Amino acid sequence: MPKITREEVRVPADVMPEARDEYITNYLKATRETGRLMLFACDQKIEHLNKDFYGEGIDIADLDPEHLFKIGSEGVCGVLAGQRGLVAQYAADYPEINYLIKMNSKTNLVGTKQEDPYSPQLYDLDAVLAMKEAGVNIVGLGYTIYLGSEYEATMMAEAGELIAQAHANGLIVVLWIYPRGKAVTAEKDPDLIAGAAGVALCLGADFVKVNPPKPEDGRTPAEALKVASTAAGRCGLVCAGGSTVDAETFLTQLYDQIHVGGADGNATGRNIHQRSLDEAVRLTKAISAITLADWAVADALAVFAGEKDFTLADI
Amino acid sequence: MPKITREEVRVPADVMPEARDEYITNYLKATRETGRLMLFACDQKIEHLNKDFYGEGIDIADLDPEHLFKIGSEGVCGVLAGQRGLVAQYAADYPEINYLIKMNSKTNLVGTKQEDPYSPQLYDLDAVLAMKEAGVNIVGLGYTIYLGSEYEATMMAEAGELIAQAHANGLIVVLWIYPRGKAVTAEKDPDLIAGAAGVALCLGADFVKVNPPKPEDGRTPAEALKVASTAAGRCGLVCAGGSTVDAETFLTQLYDQIHVGGADGNATGRNIHQRSLDEAVRLTKAISAITLADWAVADALAVFAGEKDFTLADI
Amino acid sequence: MPKITREEVRVPADVMPEARDEYITNYLKATRETGRLMLFACDQKIEHLNKDFYGEGIDIADLDPEHLFKIGSEGVCGVLAGQRGLVAQYAADYPEINYLIKMNSKTNLVGTKQEDPYSPQLYDLDAVLAMKEAGVNIVGLGYTIYLGSEYEATMMAEAGELIAQAHANGLIVVLWIYPRGKAVTAEKDPDLIAGAAGVALCLGADFVKVNPPKPEDGRTPAEALKVASTAAGRCGLVCAGGSTVDAETFLTQLYDQIHVGGADGNATGRNIHQRSLDEAVRLTKAISAITLADWAVADALAVFAGEKDFTLADI
Amino acid sequence: MPKITREEVRVPADVMPEARDEYITNYLKATRETGRLMLFACDQKIEHLNKDFYGEGIDIADLDPEHLFKIGSEGVCGVLAGQRGLVAQYAADYPEINYLIKMNSKTNLVGTKQEDPYSPQLYDLDAVLAMKEAGVNIVGLGYTIYLGSEYEATMMAEAGELIAQAHANGLIVVLWIYPRGKAVTAEKDPDLIAGAAGVALCLGADFVKVNPPKPEDGRTPAEALKVASTAAGRCGLVCAGGSTVDAETFLTQLYDQIHVGGADGNATGRNIHQRSLDEAVRLTKAISAITLADWAVADALAVFAGEKDFTLADI
Amino acid sequence: MPKITREEVRVPADVMPEARDEYITNYLKATRETGRLMLFACDQKIEHLNKDFYGEGIDIADLDPEHLFKIGSEGVCGVLAGQRGLVAQYAADYPEINYLIKMNSKTNLVGTKQEDPYSPQLYDLDAVLAMKEAGVNIVGLGYTIYLGSEYEATMMAEAGELIAQAHANGLIVVLWIYPRGKAVTAEKDPDLIAGAAGVALCLGADFVKVNPPKPEDGRTPAEALKVASTAAGRCGLVCAGGSTVDAETFLTQLYDQIHVGGADGNATGRNIHQRSLDEAVRLTKAISAITLADWAVADALAVFAGEKDFTLADI
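Protein sequences appear in the order of chains A, B, C, D and E. Note that my numbering has the first sequence beginning at 1001, numbered continuously upward. Note that my numbering has the second sequence beginning at 1001, numbered continuously upward. Note that my numbering has the third sequence beginning at 1001, numbered continuously upward. Note that my numbering has the fourth sequence beginning at 1001, numbered continuously upward. Note that my numbering has the fifth sequence beginning at 1001, numbered continuously upward.
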């Protein structure tokens, strides 16, 4: 898979001229110079509280938050996505990781039946830019929109303004868009997922993270995904990894998402960090082998099995 | 149809002296020096999600968002109206298009029965001005108000302030005004449409986009429209194109809106972009022939049929 | 009726020293050097939509918004009150009119039964000051408060801050105060009207526009009004003109409001602009003859009948 | 009663060094160099509309708002508390009065049954500081909190920030704290009143105005008040005067509030201004004789009866 | 227990370089150079009104707010946590205390059944920084989040931004996190407490104050706490002291929280200040002996009994 050069990076028109170099650098860092994104999602300590990190079937290592940073450091990822405070507490010891600051988050305590979801922006962009200025290797921002929520307006407006400011400062932006709320009856309806992808484009995001569509008309998920990735236009589309499944199933899905569905990468969290450090590191490498180097599923499985290695040099 | 000169452009008193030249330039660009507006509406990816771009009866080309820009570039339009992010991702490759940035948008997931409509402003004007400064050919702004919604107050206030700021910076403003909400029983009532036109004037808009009125008293829609266009005073009135109908019906309606109803142009989206590139381009030309050059319907139909050409030089 | 001099103008203590001259000038302009206010209300295109401007019993001339400015220009008024955008579109052609910018407005679509009334501030004062700076003859601001609405708090706070800023910049302020909302059972109760007048004073307004009280204890409306005008203290009180009635009734009421009720002028809209230009102009002169020159009703009626003229020179 | 010196004034730590002299001056002015506060409450024109100023049992003089300023000028008070606009309209003619600007107010139209009470801040502190800078003798601010209202949060936050800013600028602050709302079953419960006093301290107020507690356990109101005044710590506690009662009852209560209940003064409105000017002036003197000079009730009654005089020189 | 040096303090990456020294100083002050926190909670005058300070079983000394400062001054604590205004009124007389300003608070009048809890930020950080600049010994901030409340979003956002600003200025931050609201059925569920600890970390807090978990699966509270303290990662965890219990029970629990549960200190209020000054002082010393010097329970009890002394020199 050929690397892309600085000249080949397509820079949106809202990246100010003086931030153009910074944007290109961040885009190339985040995509490991491939244009594809391997996002290691580490924002669940707020989103799912401690349930994703402790309990049956979860390696005990996952209880200590530093586990996430060890994986990010020893594995092969594009970016590690986490809240500003989490990154602030560990970044000094893991300076080489590419950080993507998740700008909003909510817990899962108040359910959709009680209240439509709203995930608040937790800090100004200025606080993030200051951290970057002080030396933290921040390459971009993340923000979640619950499309169809009664609070959709607030989240769309926060995201819309955030992207404008981020681009003006040379940061890339990934939108998480999940249809959810009383008005949404089928969160993974293919039309809805494709619509979500289009919303991300119109707001100016560089990448959009969506749930894989569940078609009920005979199409495979990957075929339905192709519609969404086309609708996303110049906004790269990546799929959420979802809950932990076996590696072969997971890697095959990922391969199909990219090669059939037109996805531009992946965004995986629990499936990685709920494992022991060694196993988690190998999984990041297997994922990156597919996402960043177009390896076959069999080769990626060999990486996961420890039979082969995969490093940044293999991209 | 005689072109208007820079001196003939009527400049509102809230255009600051230092922005006067810029306003005149933008007004002449948007109206192709005619005072009439041919607006190609491309904001449906948020408003209607993917339903307007993919499915039965829609050309497959419409799934790729770049389709919109190809039409804007190869056809004849006054402005292409889209969200800031959408424009940011493609403008560098289509620099000659006149862009009108749609400042607010909402999806159609939460219906009026659940909640009265509110469409949030998605980014500050500063972000748009910065893009313009960085070289994007932005000539104006758009904003939607749902009159009669319980959130009317918020949208009227956002629009009122936006117009003041836009004019101060030399941009023109088009308001989309649709009566909608629990309090509105007949969205296309002629009195209500005329009222909407007056609201746009009082807020200081340059153009107002309304739905064509549906009179139930024997008047034709165009006759009823004449009341609204008069009530709009110095604010130009254009009608929304609505869903896709056959070209002859569509072009005849448009001709009547202008020549009987006193409309100052048109605003059309789906009816154009759901067609193949070639057909869509021909339709923009047919529309512009009527709107910008006072051609007869038969001549415009010949343009649509490809029997005649229509270019900017014909205005 | 003797004119008041610059020295006789009572300047509130929140007019900053550097704005003192400007305030005196604006106060004298607005009151035609009499201390009384003849306000021509032209904010109904938002408040009542098109119903006040088109239909049975309304002269067809009223459909074109320019009608308002022609009346303001050819008639005799203190100020023409309208929204910022409306004034911006016509002021260049009618530069001699004294403009009072109505800072908030709402439509009548959402009724009180559905939701208590809230009328949002539609633009910052800065936008108005910029227009003034650019040459528009703006002498003051207007703002409506619905007392007793569940949104009373927001409107009182917007008005309170607006008056402070307006005075600091030398503009006069007129408050429209109408008791309205689920909690208000009798909108024209004399005690309530008197209370409204007191609220205006406490917020620092220069004039308050109220509906004429409807006493049910045998007092005449004008007698009841006297209580309100006294309660208003140094805030001048003017009565809303209400819907169109015959000129004699109207002018007699006005005379009594001033000479019995202690009113400091009048605020009339529909009753003027729903007439033909000539009749409307004559009515403004008849009103001003009473308000600004203490003429008798019979003389004012002669003015309205075209038997006598009344000009600024008669004040 | 010995006067306190500038050195004896206890200055809170949030009074910035450069504002220290100003704070001491204002504290001494407001307390007439006694540390005790005689507050003449004149904010009822918004709070109670015109009912407190006109009607049976109220002297007709009270209808004219200037009555309040005449009393403030001819009587003996610590401060006259009123809204910014009210003070702005009269202060130039009554420059010697110590003004305390009431920063928030609401009408009584929307009752607690319909909606929990919220009283909005009506203007920024900047507007008040500008008036002071322009020469108005403003010594402090007032703000009302309805404790236990569903809007408690907003009022506490406005008050908390206001006190910080006021102290930073050398102004003193008086909080009116009334428990009220659906959650409050006994507004004058002694524990609740004591709690309110503690809240004022924690927000940093200089004085708190509470309603006198109504104990139901055999204690006298003054004994119960002692608990509240102790709980208030370094925040001085004053009691609201309530509705008009006969002077002997009123003055005896006041004496007990101070000498048994530990109150640091009083805050009286209706009981003063509903009387004729002469009687009202005498009542302010009688109150001040007790509050500011520790005179006996009998002596104060003699002052009220006109048999003795009390002036600032008697403090 | 060895003291930690300036070099050993782990400074989060959002502490700006120019504030690094200040942060280290504040961290060492607050933890008495141990890395452990003994927090004397004095924010209940708003949270619980006067009920915690007066009544049966409470020493009468506690009614006077100065009691809190006497304890803070004569006892051994890490920080005294109270609202800005409370600290402002007494800090000049107790300059040696380390103050932690509680930035938000609510009363307990509106119960969770009526409305989910929201505790508003009561003043800007600027006001606190100004006090610090003026000489008050402020080392950090506190903020309460009610996780699972319908207002969780607002509190999380206020806290997230506050921590960023506080760290940028060199202050430490303690979050109080209590799950509460209609959606929360078991406020002390161990999983929920562990989740709360993780939220604090992700927001970037230095310490989190939680209620001790109540496990129902046979584990001891301290064992369950170990999960939470691990989940907190680099954010120190301290337990709330709760209502007054006998000293032996209290101190034994504290010992176990630290030595079994992995707690990094304690946060105690009522249990201390509801006692006489002498007893309260001895209790702070007994607590600090365990928290800051790893003394055995028996030795700490001897300190409480007055048989041994414990001073800062013993750390």
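Positions of the beta carbon are idealized from the N, C-alpha and C atoms, including for glycine. None of these values were measured; they are calculated from a predicted model.
Please check the pair residue i and residue j, which I expect to be a contact at CB under 8 Å, by giving their CB distance rounded to whole angstroms.
i	j	result
residue 1138 of chain A	residue 1205 of chain A	In fact, because the Cβ distance is near 17 Å, the residues do not count as touching under 8 Å.
residue 1090 of chain C	residue 1069 of chain C	5 Å
residue 1201 of chain E	residue 1224 of chain E	No, residue 1201 of chain E and residue 1224 of chain E are not in contact; Cβ-Cβ is about 18 Å, not under 8 Å.
residue 1303 of chain B	residue 1266 of chain B	About 15 Å separates the two Cβ atoms, so there is no contact after all.
residue 1127 of chain E	residue 1084 of chain E	7 Å
residue 1017 of chain A	residue 1134 of chain B	6 Å
residue 1170 of chain C	residue 1022 of chain C	3 Å
Would you mind working out which of the options sits nearest residue i, comparing C-alpha positions?
i	options	result
residue 1041 of chain C	C:1009, C:1191, C:1240	C:1240
residue 1049 of chain D	D:1173, D:1067, D:1131, D:1108	D:1108
residue 1208 of chain C	C:1215, C:1197, C:1217	C:1197
residue 1176 of chain E	E:1119, E:1257, E:1185	E:1119
residue 1317 of chain D	D:1116, D:1112, D:1129, D:1092	This structure cannot speak to residue 1317 of chain D, because chain D is shown only from 1001 to 1315.
residue 1140 of chain A	A:1031, A:1280, A:1288	A:1031
residue 1015 of chain B	C:1147, C:1060, C:1087, C:1061	C:1087
residue 1274 of chain B	B:1160, B:1004, B:1065	B:1065
residue 1228 of chain B	B:1112, B:1193, B:1035, B:1125	B:1193
residue 1279 of chain D	D:1059, D:1017, D:1046	D:1059
Near residue i, what residues of its chain come up, given a Cβ to Cβ distance below 8 Å and the 5 sequence neighbours on each side ignored?
i	result
residue 1073 of chain B	1094, 1096, 1097
residue 1044 of chain E	1052, 1053, 1269, 1270
residue 1187 of chain B	1178, 1179, 1180, 1211
Could you check if residue i is buried or exposed, using at least 16 other CB atoms within 10 Å of its CB as the buried criterion?
i	result
residue 1246 of chain E	exposed
residue 1268 of chain D	buried
residue 1312 of chain E	exposed
residue 1114 of chain B	exposed
residue 1149 of chain B	buried
residue 1276 of chain B	exposed
residue 1230 of chain C	buried
residue 1226 of chain C	buried
residue 1062 of chain C	buried
residue 1117 of chain A	buried
residue 1284 of chain A	buried
residue 1191 of chain E	buried
residue 1144 of chain B	buried
By Cβ distance below 6 Å, which residues in the same chain neighbour residue i in space, the five residues on each side in sequence not counted?
i	result
residue 1255 of chain A	1290, 1297
residue 1027 of chain A	1009, 1172
residue 1036 of chain E	1264, 1265, 1291, 1292
residue 1155 of chain B	1145
Only counting the same chain, and skipping five residues up and downstream in sequence, which positions put a Cβ closer than 7 Å to that of residue i?
i	result
residue 1132 of chain D	1138
residue 1222 of chain E	1256, 1257, 1260, 1261
residue 1293 of chain D	1001, 1314, 1315
Give the residues of chain G in contact with residue i, contact being defined as C-beta atoms less than 7 Å apart.
i	result
residue 1123 of chain D	The chain inventory of the structure shown lacks chain G, comprising the protein chains A, B, C, D and E.
Note to self: Is it the case that the segment 1075-1088 of chain A contacts the segment 1007-1017 of chain A, given that we only count it when at least three CB pairs across the two stretches are under 8 Å?
What the structure shows: no
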